[in-house]
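Peer 1: In this note's numbering, the protein residues as written are 77 to 288.
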């Protein structure tokens, strides 16, 4: 947990970058009033697995899925439900940067940073992100197979069937090779994201959802 805290705090100081051919975590939220304090509170909450504090940070109408799931009580019920693994999902989000935007009712921040970016070369539903600077793409689903490419936070597209528990997934790099990457080094572009807005003078989590 100490490593998570240090990594999350370090991300608060990441510079924004105008364009990227790879998509490492970036932070464009530092200039948004109150956003840094909110994210520090969120980090403390997640590291300590503090249910009461997380519920206090959430909007009463927080959106949790696209099938009617919403509200603090539903969030509370899902926190320890192994089907959702929300604490683990929040752990991951804290390390994936932050994007500033306008939610229509005022400033909005989005975790992960990449959720607010345009990925023109991959399909939004089947696109995935290599989550590291040295991710191996191999010719076969085996750690000893021929190395085809080293991915550096590259966007790739699923090239085979999605298998939830597969050790490797077959993916294609735009204008590059098709090969196999460890599934624990890939993240769907439509995986969990967290949106927060300032309402009534207080930053609140308004969305914590996956899918489309």
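Note that the Cβ used here is the ideal one computed from N, Cα and C, for glycine as well. Note that the coordinates shown come from a computational prediction; the quantities given were computed from them, not determined experimentally.
Would residue 238 be called buried (16 or more neighbouring beta carbons within 10 Å of its own) or exposed?
Peer 2: So residue 238 ends up on the exposed side.
Peer 1: For residue 207, does the three-state DSSP call read helix, strand or coil?
Peer 2: Coil, per DSSP.
Peer 1: With a cut-off of 8 Å on the beta carbons, I'd call residue 189 and residue 115 a contact; round off their distance for me.
Peer 2: Rounded, the Cβ-Cβ distance is 12 Å, inconsistent with contact.
Peer 1: Out of 199, 119, 126, point me to the one whose CA is closest to residue 169's CA.
Peer 2: Of 199, 119, 126, the residue nearest in Cα terms is 119.
Peer 1: Are the CB atoms of residue 209 and residue 229 within a distance shorter than 8 Å?
Peer 2: Yes, the pair counts as a contact, with Cβ atoms nearer than the cut-off.
Peer 1: Quick one: measure Cβ to Cβ for residue 280 and residue 272, integer angstroms, because I've assumed they're closer than 8 Å.
Peer 2: That pair is a contact at about 6 Å.
Peer 1: At the level of alpha carbons, what is the spacing between residue 145 and residue 204?
Peer 2: When rounded, the distance between both Cα atoms is 25 Å.
Peer 1: Keeping to the same chain, check which residues put their C-beta closer than 6 Å to that of residue 100; ignore five residues upstream and five downstream.
Peer 2: Contacts found: 229.
Peer 1: Output the boundary residues of the alpha helix (DSSP H) element that contains residue 115.
Peer 2: Looking at the DSSP string, the run of the alpha helix (DSSP H) that includes residue 115 is 111–123.
Peer 1: Which term fits residue 184, buried or exposed, when burial requires 16 or more other beta carbons within 10 angstroms of its beta carbon?
Peer 2: Per the 10 Å Cβ criterion, buried.
Peer 1: Relative to the alpha-carbon of residue 278, which residue among 134, 123, 140, 125 has its alpha-carbon at the smallest distance?
Peer 2: Residue 278 has its Cα closest to that of 134, out of 134, 123, 140, 125.
Peer 1: Grab me the residues of residue 127's own chain with a C-beta within less than 7 Å of its C-beta, minus the 5 sequence neighbours each way, in chain order.
Peer 2: Excluding residues within five positions, the ones whose Cβ falls inside 7 Å are 152, 155.
Peer 1: Please go through the same chain and pick out, in chain order, the residues whose beta-carbon is closer than 6 Å to the beta-carbon of residue 162, but skip the five residues on each side of it.
Peer 2: The residues are 154, 155.
Peer 1: What does the alpha-carbon distance come out to for the pair residue 124 and residue 112?
Peer 2: Their backbone Cα atoms lie some 18 Å apart in a straight line.
Peer 1: Looking only at DSSP bridge pairs, what is residue 103 linked to?
Peer 2: Its beta-bridge partners are 174.
Peer 1: Using the Cα positions of residue 282 and residue 164, report the straight-line distance between them to the nearest angstrom.
Peer 2: About 19 Å.
Peer 1: Check residue 128 in the structure and name its three-state DSSP category.
Peer 2: If DSSP states are grouped into helix, strand and coil, residue 128 belongs with the helices.
Peer 1: With a CB to CB cut of under 8 Å and the five nearest residues on each side skipped, what residues in its chain are close to residue 226?
Peer 2: Hits under 8 Å: 210, 211, 212, 213.
Peer 1: Here's the rule: buried if 16 or more other CB atoms are within 10 angstroms of the residue's CB, otherwise exposed. What is residue 200?
Peer 2: Exposed.
Peer 1: With 16 as the cutoff for other CB atoms within 10 Å, does residue 222 come out buried or exposed?
Peer 2: That one is exposed.
Peer 1: With the cut-off set at 8 Å, would you say residue 263 and residue 186 are in Cβ contact?
Peer 2: It is not a contact, given that the beta carbons lie outside the stated cut-off.
Peer 1: Please state whether the Cβ-Cβ distance between residue 274 and residue 182 is less than 8 Å.
Peer 2: The answer is yes: Cβ separation under 8 Å.
Peer 1: Here's a check: name, in chain order, each residue in its chain whose Cβ is nearer than 6 Å to the Cβ of residue 175, leaving out the five neighbours to either side.
Peer 2: Here the set comprises 104, 186, 189, 192.
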